[in-house]
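This report refers to the structure that appears directly beneath it.
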Amino acid sequence: FYEEKPQAPFFRELYSNSGLHKDIFIKNFQDGVYDDFLIFIVSRNPWDRAVSFCLNKVLRDDTVKPIALRKMGFSKDMNIKECLDTIAKNPDSTEADSHYLSQSYGLFVNKKPLYNHVLKFENLNDDWERIRKHVYQNTSKNIPKLGHYKKTKDRKKYQDYYSPELQEKIGKRYADDIRIFGYSFEK
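So my numbering is basically just the index in the sequence shown, starting at one, shifted up by 263.
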């Protein structure tokens, strides 16, 4: 049902930053070592996420990684529609920037998800509150509330950036995310 894929760049960073080695984590995961752990991911509507990537990582002067993005066909000179079209043309790979990589890429081992909770970006405060309550009930530890950093000011709704053709292209590009996480292009 789920295709095994190479581990994504952000997945590799997770292990190197935490001191865990990917192979050890996956072996322990397969052996059930983490069965009682709370492992969550945050998913985001793929059409909204693609717009956010273009506005914040490609088209803004102060955040772009020019060499990595140029290699994948992105340019500061493109408009939003060209940026979305470039995302649609770039398949998932270990070379892809984690900000436009499919969210489901690298999240399954032997068809089993590497997480047990999905928080939705669109409902993040409510979903995070559920996690906070779960952790407190099971450990008596309080974890902090979330804030929203780097929020784009005066941004239109994501739907306003799409033509029907681009909507379909991004939908095909992120078909696994749409199916796995239950998203749709809401009007």
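Each residue gets a CB set at the ideal place from its N, CA and C atoms; glycine is no exception. The structure displayed is predicted, hence computed values, not measured ones.
- Contact between A331 and Y363 is absent: CB atoms are separated by about 11 Å, not below the 8 Å threshold.
- About 5 Å separates the Cβ atoms of I304 and Y378, confirming a contact at the 8 Å cut-off.
- When the beta-carbon positions are compared, S306 and K383 come within less than 7 Å of each other.
- The shortest C-alpha to C-alpha distance from F316 to any of S447, K414 and D439 is the one to K414.
- Contact check for I289 and V372: beta-carbon distance about 5 Å, within the 8 Å limit, so the pair qualifies.
- In the DSSP assignment, V372 forms a beta bridge with K375.
- The beta strand (DSSP E) runs of length 3 or more contained entirely in the segment 328-412 are, from start to end of the chain, 380-383.
- Burial is judged here by how many other beta carbons sit within 10 angstroms of a residue's own beta carbon; F337 has at least 16 and is buried.
- For I433, the enclosing alpha helix (DSSP H) has its first and last residue at P427 to R436.
- With contacts defined by Cβ atoms closer than 7 Å, I287 and A351 do not form a contacting pair.
- For V314, the enclosing alpha helix (DSSP H) begins and ends at P309 to F316.
- Nearest Cα to N308 within the set Q400, R333 and L387: L387.
- At a Cβ-Cβ threshold of 7 Å, D439 and S365 count as neighbours.
- Residue environment for Y425: buried (at least 16 other C-beta atoms within 10 angstroms of its C-beta).
- Counting only residues of its own chain and dropping the five nearest sequence neighbours on each side, Y437 has a CB closer than 7 Å to the CB of P309 and S365.
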